[in-house]
Amino acid sequence: MAAPESQNLATPSALRNAFGSVLSVLILVLIGVLAFSIRLFSVIKYESVIHEFDPYFNYRVTQFLSKNGIYEFWNWFDDRTWYPLGRVIGGTVYPGLTLTAGTIWWVVNSLNIPLSVETVCVFTAPVFSAFASWATYLLTKEVKGSGAGLAAAALLAMVPSYISRSVAGSYDNEAVAIFALIFTFYLYIKTLNTGSLFYATLNALAYFYMVCSWGGYTFIINLIPMHVLMCIVTGRYSPRLYIAYAPFVVLGTLLAALVPVVGFNAVLTSEHFASFLVFIIIHVVALVYYIKGNLSPKMFKVAVTLVVSIGLVVCFIVVAVLVALVASSPTKGWSGRSLSLLDPTYASKYIPIIASVSEHQPPTWPSYFMDINVLAFLVPAGIVACFSPLSDASSFVILYIVMSVYFSGVMVRLMLVFAPAACIMSGIALSQAFDVFTGSIKYQLGGSSKSKDDAEDNTSTNNAPKDDASTGKTDKVEEIAKERSSKKGKKKEREPAEKPSIRSKIAKKKALVLPLEASIVALLLLIMLGAFYVIHCVWAAAEAYSAPSIVLTSQNRDGLHVFDDFRESYAWLSHNTDVDDKVASWWDYGYQTTAMANRTVIVDNNTWNNTHIATVGTAMSSPEKAAWEIFNSLDVKYVLVVFGGLIGYPSDDINKFLWMVRIGGGEFSHIKEADYLRDGQYRIDSEATPTMLNCLMYKLSYYRFVETDGKGYDRVRRTEIGKKNFKLTHFDEVFTSHHWMVRIYKLKPQKNRIRGRVKKLKSKTSSGSFTKTEKKNPWI
Amino acid sequence: MKQSNVDLLLLLLAIVVLATPAYSDLVLSKVERRIDVTSQIARVTKTLKVVNSGSESVSEFILTFPKFLGNNLAYLSVAQSEGKGKSKRTLANLSVEAANPKDIPDSISVYSVALPKPLDKGDTLTLDVIAAFTNVLQPFPEKISQGDSHLVMLQESAQYLSPYAVESQSLSIKLPSARIQSYTNLDSTTKLQGSELKYGPYKNLPEYSYSPIVVHFESKAAFAVAEKLVREIEVSHWGNVQVTEHYNLVHRGAQLKGEFSRLDFQARPNPKGESAFRHLLARLPPRAHSIYYRDDIGNISTSQMQSDSKKTEVLLEPRFPLFGGWKTFFTIGYGLPLSDFLFASEGKRFLDISFGSPMLDLVTDKLIVQVVLPEGSKDISVKTPFAVKQSQEIKYSHLDIAGRPVVVLEKDNVVPDHNQNIQVYYKFSNIHLLSEPLMLISGFFVLFITCIIYTRADFSISKSSASYLAKLQWDEVLATLQEIQSIIQKCLAAHDKLEASLRDLSRTGDIQTCKAARKSTDSLLKDLSKEVKPLMAFLQSSQSASHISPKVEELVAKEKELQEKLMAKHTTVVEGYEKKSSGRDIELRIASQQQKIAALRQEVEDLLEFIDEI
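Heads up: the protein sequence lines correspond to chains A and B, in order.
If you count the first sequence from 1, position 600 lands on 600 in UniProt numbering, and the numbers rise without skipping.
If you count the second sequence from 1, position 383 lands on 383 in UniProt numbering, and the numbers rise without skipping.
What follows is the structure, given as structure tokens:
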């Protein structure tokens, strides 16, 4: 279909079209390769291994899925965790990532390509970042043309913030969710620009994928209604807007409710109410527009007053019902994490467990520079560019960036949502700037060569820019033709997004002509800025974000030193303990223990049961005997602590200990934070409080530590420990890793009953209640 | 408990000795036995000098072991040798079979050796027997704590248990060190020299003599046992043999009791934990490459490699030191050059590769060797130096369709002595090598062809629906529009040319060229306007273009006007030059025209832009 058209065009221009489209495809492919390969530093510097904590859980779930199939997966009740409660994995997990990787694995294996589940999991994130950069291209192209699209895609491919969550091995929900997020936004904008129901349906499907993948989908379901509302308020209502929004809400909500972890939350929780409210509003507005078209102005006024008065009453009733519903729930219908977004101080006040996670803290200024680097300077320029002219699409990206800046300011983690917006804005800014500068250089060069003496002449000055404009026009013609031929003849809807960009381009070419030198210098500066960005990103990818955190390395004079203690002890646990033994540790290590050691844990990183975590926290902060009793009641056989004092590994359990006390104290009132602090200071040296020095965590961490150097110097806290020589009465050391980073203790077996009975008989005569003696020490 | 076992055995054997008759007329004139227990494997080397003192020729020789040894026999080879000392040479390996004669009681394991040629009366024969036993070094005590040294116990007989009479026999036991806890001191012939314990020589022993001895000594050897070892050897005719070995390793020495303290283990100068082993040495074939060492949770970063032209040595350190009873699992893999292991003979190819594990002193309880041959191999046969259980499987990997034939060899209780080469013969034609690349090529080809077809072909469901027709029409309209646009652009370019010629005129004053330029432009413009006409007609006739055609008409009209004005201007200027009037004069005359032209041009461009946006 496209053939006759391209034949009509002159041959050289057709060639140039083909060249242009091939070039942009090539650039996109290269961007994809860049996005993939910049994330491989972790594999090259370390190894192909799953990183950190949550990815281990996802990996384990994927393993289960690939082994047992999808139906088993939905019904999976995991008894290896949260002992003795267990966890319904199928109903509490966002399955998008797992299903994605599982599908990839299945496809690859049915093609008889022997890739292990682990390999697929490791490389899912880099592959999806390539997809995400292509999605960014599409989105930005809808907003400001393909030049901006390419720039934004290139920026996103290497933005450090996104790299930090998607290096090879970081097999986490965010890895696929960011792609889903951008793609959903793209489809929304595409629907908005075309008014095509086809794209609206795709949009709902993309939203479904996003819901499957990440809890962050609430961002979409709030941002799009906000944009729609904004469009309505600013008088930009159009049937396209209706097509873009109404099917999305209906289909999207239905689909979202299919995901077990969301279920009825899709209609019950406050996070989703905005979309329904706007859904009602857009219908009212659509009705108004329809009536307006059918009625005479006078009749219309009457109708408006009528409808408004009735509508107000109905609205009031609905709002009242909603408020009553919402107010009846303790959290006002919001989940804890969402609430802490709206009120940044909420979590630290009420839910220490959310506050204790470092990625839920507000970011610092340097982290903005670290994570988006020069984009921070380009974003304002991009916003300005979006305002000239303001279209539906550009207003959306403006809204997107404003919202995400706020959210990223509340939680470090949401920097991830901000990064794509920043990339889009910066891409727009860069491409517009390049347009202006190269345009003025082109004009100056072309103009000066043509007629120098007639420069003053009105005719020729008019002529030259016209010349330029006409070349620009031929370019544009080609562009259109290119689009047509690439898009197949039948789909020849013109992209409305093209209009503003071309118009503005022409306008700029006519109006904005900068001096030659200035534009050359500015171009060079821009290129330098880009170069700095690239250097920073590569550095961040290679040095800052590639560590898998289960293997640590340090560079010293003898060369690279590897600290592989975590896996050493997990391997020990998995091979040298009984398969049904229960291992207690702080929740950070729960996922890793179940995945790597295949042992049952008491608590894990899915912090759904505060009481259970508090129980473990209490045990850790209790004296040995009380702790033994708690652990014994939980059927625990081994206790695992992470200790960095010998080699100076700072994120160990002693440093996390105050959170254990806080969380434990939140549920069990006999644990008081003040008991562990000396004058408000947390210390473990000789000044420490006796409660601190006698608690289980202290003892398990520092057991026989003094014998290493004679003084017991802790390299993390940079002090000598307070209590040096002590024996464990209720625990046996069974394993300590090579650098002492992980220490595993076994609970001593319960007292021999018969001997106890004899004692009881004996003690009955001396002291009336034997329970007291037993509680003191069951080991006598 | 062990002691009582020994007693029981003794009793049993005594009965046996009394009860069994002489087996045949063979007499062992001299028996030398050497037992090497420096590793976890008890390796017994015997030199037997056999004399036929009977009247008939004998073609079978009986080897016996006490049952508790015989059950743990991993490897047995008998060779006939000639000469003595340095001139000694091995003639041939003899075939050995487990026999179960009725007249020998259950407490004795019997193996029969088929002699190469029947031994006639009075002839002598020297046999070299090598036997390797696993699990015969019993840890005693069975559980030790971290600081204790590892003590093991060996039970044997000082006298050679044989169905034949022995004229002279001696036994020497080579121990790992001189640190011996205790040993059975039988008589004056028992001597301990350094780390070597000697019994005998004993003269003229009757059949089935047996005198149990027990040696209790310290062993520092690694009691590493692979409970299960799966070796996968994958042959690729692209030049690589990939070997992957999965080890389920256990330390089968005395079990660790009580705590494991890393502090004591790392203590200097007196580390506690000698009973543990930290590493294993693997001796891989030379030119082994791409070696990896990992387990199911990732790479194990503690290993060292050394290679030279004769061998590749890898020192593998498990994640944690293995104490008695501790287990671990790991995988090693390496690639070998195909040319070193694959040979051709008689139209067949054969892979000649070692059977056992490359680890030194490793006992394997269950060894499974899977030789994966390339897809399309036929007529597979295996030659092994000893009996193994064979079966065949199919494995699918790397885009296989038919699957690769896998030869599975299984053997229990494998010791390093089994590291002999096995040969796998098969037929394979090189054309099969190309099948997978061709498959990929055709796959991509089909993909691209599909893409091309998809983009070129029209997949509309209904070809007669109104919307489809409208779309087709609209497409045509758009195409026409584009043509018109390009024509207008050409016109504008022609105008520019005209202007340029005027500028040239003002510079050079060459009226003739200017006129010529005008002529050519004129004809060009006329041609173009002719071209526009049918297009315009089409647009006007087309229904779907009804809302654009006025604009287009306007555009064409304006263009025409612009053209006329330009011509007029041109004429004026040329006339002015012909009349040799001053430049200023001319400019004054054309000033009004100039303005109109500029305005018109602007309009034309705005219209073009508008059309562009349709």
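Yeah, the Cβ is synthetic: ideal placement off N, Cα and C, and Gly gets one too.
Since the model is a prediction, treat every value here as computed from it, not as a measurement.
Once the 5 residues before and after residue i are set aside, which same chain residues still bring their CB inside 6 angstroms of it?
{"i": "A:ARG413", "result": "GLU359"}
{"i": "B:GLN255", "result": "LYS143, GLY324 and GLY325"}
{"i": "B:GLN242", "result": "GLU234 and GLY335"}
{"i": "B:ARG287", "result": "PRO337"}
{"i": "B:ALA132", "result": "ILE41, ARG43, ALA74, TYR75, VAL415 and ASP417"}
{"i": "B:VAL96", "result": "LEU76, VAL78, TYR111 and VAL113"}
Going by alpha carbons, who is nearest to residue i out of the options?
{"i": "A:THR81", "options": "A:GLY645, A:GLN432 and A:HIS612", "result": "A:HIS612"}
{"i": "B:ARG43", "options": "B:LEU171, B:GLU142 and B:PRO116", "result": "B:LEU171"}
{"i": "A:GLY32", "options": "A:LEU156, A:GLY147, A:ASN17 and A:GLY96", "result": "A:LEU156"}
{"i": "A:MET226", "options": "A:ASP435, A:THR124, A:THR345 and A:PHE276", "result": "A:PHE276"}
{"i": "B:ASP361", "options": "B:TYR75, B:VAL552 and B:ALA224", "result": "B:ALA224"}
{"i": "A:VAL49", "options": "A:PRO160, A:GLY169, A:THR615 and A:LYS751", "result": "A:GLY169"}
{"i": "residue 801 of chain A", "options": "A:THR577, A:GLY215 and A:GLU118", "result": "This structure does not reach residue 801 of chain A, given that chain A is present from 1 up to 780, and the question cannot be answered."}
{"i": "B:VAL136", "options": "B:TRP238, B:ASN71, B:GLN306 and B:LYS389", "result": "B:ASN71"}
{"i": "A:LEU255", "options": "A:SER574, A:TYR209 and A:LYS144", "result": "A:TYR209"}
{"i": "A:LEU322", "options": "A:SER367, A:PHE273, A:LEU342 and A:ASN75", "result": "A:PHE273"}
{"i": "A:LYS699", "options": "A:TYR545, A:MET596, A:ILE684 and A:ASP565", "result": "A:ILE684"}
Name the two residues that bound the continuous beta strand (DSSP E) containing residue i.
{"i": "B:GLU234", "result": "224 to 236"}
{"i": "A:SER554", "result": "552 to 556"}
{"i": "A:THR253", "result": "Unbroken run through A:THR253 is the alpha helix (DSSP H), 239 to 258; no beta strand (DSSP E)."}
{"i": "B:ARG34", "result": "26 to 36"}
{"i": "B:VAL314", "result": "312 to 316"}
{"i": "B:HIS251", "result": "240 to 251"}
{"i": "B:GLN392", "result": "389 to 395"}
{"i": "A:ASN109", "result": "First-last for A:ASN109: 96 to 110, but that is the alpha helix (DSSP H), not the beta strand (DSSP E)."}
{"i": "B:MET305", "result": "303 to 307"}
{"i": "B:THR126", "result": "124 to 133"}
Whose C-beta lies closer than 7 angstroms to the C-beta of residue i among residues of the same chain, with five residues either side of it excluded?
{"i": "A:GLY665", "result": "ILE671, LYS672 and GLU673"}
{"i": "B:SER442", "result": "none"}
{"i": "residue 786 of chain A", "result": "An answer regarding residue 786 of chain A cannot be provided, because it is not within the stretch 1 to 780 covered by chain A."}
{"i": "A:PHE53", "result": "ASP588, TYR591, GLN592 and ASN605"}
Report the CB separation of residue i from residue j in whole angstroms; it is logged as a contact under 8 angstroms.
{"i": "A:GLY617", "j": "A:ILE663", "result": "5 angstroms"}
{"i": "A:PHE57", "j": "A:ASN605", "result": "7 angstroms"}
{"i": "B:LEU525", "j": "B:CYS514", "result": "Wrong, their Cβ atoms sit about 16 angstroms apart, outside the cutoff."}
{"i": "B:VAL215", "j": "B:MET153", "result": "7 angstroms"}
{"i": "A:ALA422", "j": "A:ILE372", "result": "5 angstroms"}
Could you give the residue range of the alpha helix (DSSP H) that holds residue i?
{"i": "B:GLN159", "result": "Per DSSP, B:GLN159 belongs to no alpha helix (DSSP H) and is neither H nor E."}
{"i": "B:THR64", "result": "B:THR64 -> not in any alpha helix (DSSP H); beta strand (DSSP E) instead, spanning 58 to 66."}
{"i": "A:ILE353", "result": "352 to 355"}
{"i": "B:PHE217", "result": "No alpha helix (DSSP H) contains B:PHE217, which is instead part of the beta strand (DSSP E) from 212 to 218."}
{"i": "A:SER395", "result": "392 to 410"}
{"i": "B:GLN485", "result": "466 to 508"}
{"i": "B:PRO101", "result": "No alpha helix (DSSP H) contains B:PRO101, which DSSP labels as neither H nor E."}
{"i": "B:GLU561", "result": "549 to 578"}
Below 8 angstroms CB to CB, which residues in the same chain sit around residue i once its five sequence neighbours on both sides are set aside?
{"i": "residue 869 of chain A", "result": "What the structure shows of chain A is the stretch from 1 to 780, and residue 869 of chain A is not part of that stretch, so it cannot be assessed."}
{"i": "B:GLU274", "result": "SER149, HIS150 and LYS220"}
Using a Cβ distance threshold of 8 angstroms, determine whether the stretch 46 to 58 of chain B contacts the stretch 119 to 139 of chain B, with at least three qualifying pairs required. yes
Stretch-stretch touch, CB-based, cutoff 8 angstroms, three pairs: the stretch 85 to 98 of chain A with the stretch 259 to 277 of chain A: yes
Using 8 angstroms as the Cβ pair cut-off and three pairs as the minimum, do the stretch 102 to 110 of chain B and the stretch 57 to 64 of chain B touch? yes
Quick test of the definition: if touching needs 3 or more C-beta pairs under 8 angstroms, does the stretch 478 to 485 of chain B touch the stretch 530 to 546 of chain B? yes
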